Each structure stands twice: as C-alpha cells, then as structure tokens.
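See below for the structure under consideration.
Numbering (mature numbering (1 follows the signal peptide of the UniProt record, and there is no 0)), first residue to last: -16 to -1, 1 to 36.
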C-alpha cells in the first residue's frame, strides 16, 4: 500500500515539471559541474551479447 502511494506521489510530481520553464543552466554549461565528476562503465554477460 505504501509503495502504491509513493508511485502516485511520484506521478503527480512529475506532471508539474515543465522543462520549458527552466531558464538557467544547471551546472554543466556553466562549468560548476566538471567533466571529471562523470564516469561510466559497462559490463556484458555472455547471455546478453548478440550472436556473431
């Protein structure tokens, strides 16, 4: 029951987000968030690799 209410809360809050109203850079464009703050990695299992 709590999970269901949480989902409803999340859905209702995402409807209020309007990206068009964002006027200011969020940090990447201004340099506040440096490229070194990001990282990525990958891992593939044999069962998920496309056949050759």
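We treat Cβ as the ideally placed atom computed from N, Cα and C, and that holds for glycine.
Predicted model only: the values in this text are computed from it and were never measured.
Given this structure, state the Cα-to-Cα distance separating residue i from residue j, to the nearest angstrom.
i: residue 31; j: residue 23; result: 25 Å
i: residue 28; j: residue 7; result: 39 Å
i: residue 4; j: residue -14; result: 30 Å
i: residue 26; j: residue 12; result: 23 Å
i: residue -8; j: residue 20; result: 34 Å
i: residue 10; j: residue 16; result: 8 Å
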